[in-house]
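Working notes, beginning with the structure itself.
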Amino acid sequence: MTPSSPERLALARGVHRIALPTPMVASVNCWLIVDRPLTLVDAGLNWGGALDALELELRRLGFALEQIDLLVLTHQHVDHTGLAETLLARSGADLAVHARLAAWLDALPDSLLADDDLIAARLGAHGAPAAVVAAYVARMEMMRMLGSRPRPSVVLGEGETLALRDRSLRVSLRPGHSPTDTVLTDAAGGLAFTGDHLMPGARTTPYLDPDAGSDRDAGSDRGGAGWEADLAPARALRASLGRTAATPPGVLGLPGHGDGFADVGAAAREALASQQRRALRLLDRFDATPLTAWELTTRAYPRLTPSRAFLGLLEVLAQLSVLLDEGLVEAVASGGRPRFRRAQARAGRVSRSAA
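Shown next, in the form of structure tokens:
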């Protein structure tokens, strides 16, 4: 693998990218920090040849898996945590995580089941057919088998620093993609490990959060089924990106997937602008009939396979959150499901300047 220009700069600062295979389209990144303690950021998925690939790349860099002293996880998703238990058992390393992630890990497997059950239920609530819900359930059953249940030994509070010999990593919670997204910033070294919070080469999807609202089963005169709680992660992601946008210029970003990038603050601002552009494109999918989020998903992403259709729905919910917050779309009660239409007072007067 040829490092990107930001990754070449990271190499000069003792940080190496290790890309591990997954059954999905994209590989997942682990980042080796050559320091004391020898530190690995994220653990990859417990799948196929991922462990072999990790060991092979460590050997190429002059290390063995057993030499890892510290593992740090950026968030809860199984493609970043799956090999953690094996790695800890083999190396005896410490595991450091944000306090919110520590609580989620402590509640396994119930916390993971709650996440998966919520998305399955909300697919149905937003109008997805039973076959799509079944495909999602099957996918998540497979993914759960590729995970692990690691036990943290170092629990980090918001704003704390993780001190290595040659650098310190500031710990910042940036929820949205998941409730536990954590950014680790080496301010002196000009690096930030952004996990899946910020990935300029890929879209950051806000996953639903069981703790985002307790009213999902309650009725609502604007569509029912507590749909507003489904928009909370997207709003949290935008708020988190706003905080990340304040990162000083020139800080290199080392993401959970894809190549490193040159400027974390600029990338966060572009991610926010991209969300706005996608939301305005979704506005063009509306017609005179109020539509469910699922109907909008099939219009916006007609080629999604059933097993990945949930990602399209989550993306549409994120776009709807922008349109609702700007008053361009409104929810209506229709047919017992949450449905959406162009806001009647402003229909036809939408500025396209951000498109």
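Counting in my numbering, the sequence shown runs without a single skipped number right up to 344 at its last residue. Positions of the beta carbon are idealized from the N, C-alpha and C atoms, including for glycine. Note that this is a predicted model, so its numbers are computed, not measured.
Assign residue i to one of three DSSP states: helix, strand, or coil.
i	result
G337	Low local confidence applies: a pLDDT of 42 at G337 is under 50, so the model's placement there is unreliable, and no value is given.
A181	strand
V321	strand
L112	helix
A221	helix
D106	helix
A127	helix
R330	strand
L(-2)	helix
R6	strand
L187	coil
L313	helix
L197	coil
R227	helix
G301	helix
A120	helix
S296	helix
S167	coil
S209	Note that S209 scores 42 on pLDDT, short of 50, meaning its location in the model is unreliable; the coordinates nonetheless yield the value given after this. Coil at S209, not helix or strand.
R192	coil
M132	helix
Taking the CB atoms as reference points, tell me whether residue i and residue j lie closer together than 7 Å.
i	j	result
A346	L317	Because the chain in this structure spans residues -10 to 344, residue 346 falls outside the shown range and cannot be described.
D105	M129	yes
A(-1)	H246	no
V4	A85	no
A256	L187	yes
F299	L112	yes
A225	P164	yes
T150	R159	yes
A32	T70	yes
D68	V17	yes
R274	R288	yes
G254	T236	yes
L47	A82	no
G190	D276	no
P279	R326	no
A124	W283	no
T40	T169	Looking at the sequence provided, one finds Leu at residue 40 rather than Thr. No. Outside cutoff.
G178	R156	yes
S80	I108	no
L153	D24	yes
W20	L243	yes
A228	G146	no
P10	G51	no
E44	L54	yes
R139	L72	The amino acid occupying residue 139 in the given sequence is Pro; Arg does not appear at that position. No, these two residues do not count as a Cβ contact at 7 Å.
Q65	S161	no
R258	A234	yes
T193	E304	no
L220	S310	yes
G301	L312	no
Per DSSP, what are the beta-bridge partners of residue i in this structure?
i	result
T286	Beta-bridge pairing links T286 to no other residue.
P291	Its beta-bridge partners do not exist; DSSP assigns none.
D175	L180
L280	F329
V17	L9
Does the beta carbon of residue i sit closer than 7 Å to a beta carbon anywhere in chain E?
i	result
E130	Among the chains in the structure shown there is no chain E, since it carries only a single protein chain.
At a threshold of 6 Å, does residue i count as lining the ligand MN (C-beta to nearest heavy atom)?
i	result
H115	Absence of the ligand MN is noted for the structure shown, with no ligands found whatsoever.
Next item on the list: Kindly provide the ranges of any alpha helix (DSSP H) runs that are 4 or more residues long and lie completely inside the stretch 21 to 98, ordered along the chain.
Entry: For the stretch 21 to 98, whole alpha helix (DSSP H) runs of length 4 or above, ordered along the chain, are 39 to 49, 67 to 70, 73 to 80 and 88 to 95.
Next item on the list: May I have a chain-ordered list of the beta strand (DSSP E) segments no shorter than 3 residues that lie completely inside the stretch 134 to 162?
Entry: Entirely contained in the stretch 134 to 162, the beta strand (DSSP E) runs reaching 3 residues are, in chain order, 143 to 145, 150 to 152 and 157 to 162.
Check: Counting pairs of beta carbons, one from the stretch 172 to 184 and one from the stretch 95 to 113, are three or more of them closer than 8 Å?
Finding: Counting Cβ pairs under 8 Å, fewer than three are found: no touch.
Next item on the list: Return the chain-ordered ranges of every alpha helix (DSSP H) run that is complete within the stretch 231 to 278 and spans a minimum of 4 residues.
Entry: You should have 253 to 272.
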